[in-house]
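Encoded as structure tokens, the structure appears first; notes follow it.
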Amino acid sequence: MTKSIHSKMTYVGLLAASMGIGMFVSPNGSNAQAASHIKIVSSKTMDDAQPYNITHGYLYSSPKLKVRLHNGKNYVHTTFYTNKATTVKKSYGVKSVYYYVFNKSKTVYGWTWHGNLVKAKTYDQEKSDISAMIGIINTMNPISRGEYLEKLNDVDVRTAYNDPSSSSDISSIVYQIGNDLKDDPGYETIGDETLNDYQTLGKFYDLFKSRFSTFDREKLDSLYDNYQTALNKSLADDGSSDDDDQYDGGLELSEEATSAASSFGDTLSEDIAKLQE
């Protein structure tokens, strides 16, 4: 008798355990029976399509979750937009919210659990910095600025400050300009365009300095002061600071000035790269 009771208790325990497991079905699960018992509780339409990235999970053809359209892990770098939300009640009594999402071209779309989504970064700061960089570089010698502008046009906003796979990022461009000033002093120019080339690094510093740490700013301030001192001394020695005629053929700056420009540009480039999240 005792053995019979024990067997029944064991059976009941196993049954309860199996039912308990069924109660914890993931919103991303593939339980076809659960999907067939999904009930729509409420739906709403959003006024503005909000941008999101998907981190995992699936996109379904409807909030009933019967047909999978896409695996979210294949689209983690895609920006999706959503303008609909639906609350559903599943067979095990749990309510979940699903968003209807679509990419910009609307070639990839579907319903996914809201927990699979994170708000997409807008990259407004990166876009603003690229625009400001273009404005600064446009003040440079036309002979030299073309290559820099071309690289800026290729900058990916997601890796704007430091892209390990490309030289088309802001820190690399600043580094190149600093070293080009060292390697190629004395452009063939008219007016003060070459002087603008040498002033470019200071303009870059003004653009980014408020986002650097106190330690990095102090270090850069010292390098910039050395650079300015060497530049002004070289201009005075060259006798070209007050005579426009002296600009024909470009500025011939001292090695001290061009080396100071390169050193400042190298360090500025390194600190800009740190802005990459």
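Per full-length UniProt numbering: the sequence shown ends with 277, consecutive numbering throughout. Don't be surprised by glycine CBs; every beta carbon is placed ideally from N, CA and C.
Confirm, please, whether the CB-CB distance from residue j to residue i is below 8 Å.
i	j	result
L117	Y99	yes
L201	T267	no
Y161	I170	yes
L207	D129	yes
G265	N196	no
P51	A120	yes
T79	K104	yes
A49	Y75	no
Q276	T159	yes
V108	F102	yes
D237	D271	no
If you measure from the beta carbon of residue i to each beta carbon in chain B, is any gap under 8 Å?
i	result
V155	In the displayed structure, chain B is absent; only one protein chain is listed.
Let me know the secondary structure DSSP gives residue i once reduced to three states.
i	result
V174	helix
P142	helix
Q50	strand
S262	helix
V157	helix
S131	helix
I40	strand
A85	strand
L275	coil
Y123	coil
H77	coil
H56	coil
L117	strand
G93	coil
F215	helix
L69	strand
N103	strand
Which same chain residues end up closer than 7 Å to residue i when comparing Cβ atoms and leaving out the 5 residues on each side of it in sequence?
i	result
L149	I134, I137
D163	D156, D169
V67	Y60, S61
T45	N83, K84
Just the Cα atoms here: how many angstroms apart are residue i and residue j?
i	j	result
residue 286	L65	Absent from the model: residue 286. The displayed extent of the chain is 1 to 277, so no value can be given.
N71	S262	48 Å
E218	S210	12 Å
S42	K73	28 Å
D92	G57	Reading the sequence as shown, one finds Tyr at residue 92 and not Asp. Roughly 20 Å separates the two Cα atoms.
A273	N153	18 Å
E256	Q176	18 Å
T214	T55	35 Å
residue 278	F212	The question about residue 278 has no answer here: the residues shown for the chain are numbered 1 through 277.
S167	E147	12 Å
Kindly list the residues whose CB is nearer than 6 Å to the CB of residue i, restricted to its own chain and excluding five residues on each side of it in sequence; keep chain order.
i	result
L69	L59, S61, G110
P63	T86, V88, Y98, W111
G260	One point to set straight first is that residue 260 is Ala, not Gly, in the sequence displayed. Same-chain partners within the cutoff: N226, Y227, A230.
N53	V118, A120
K203	I136
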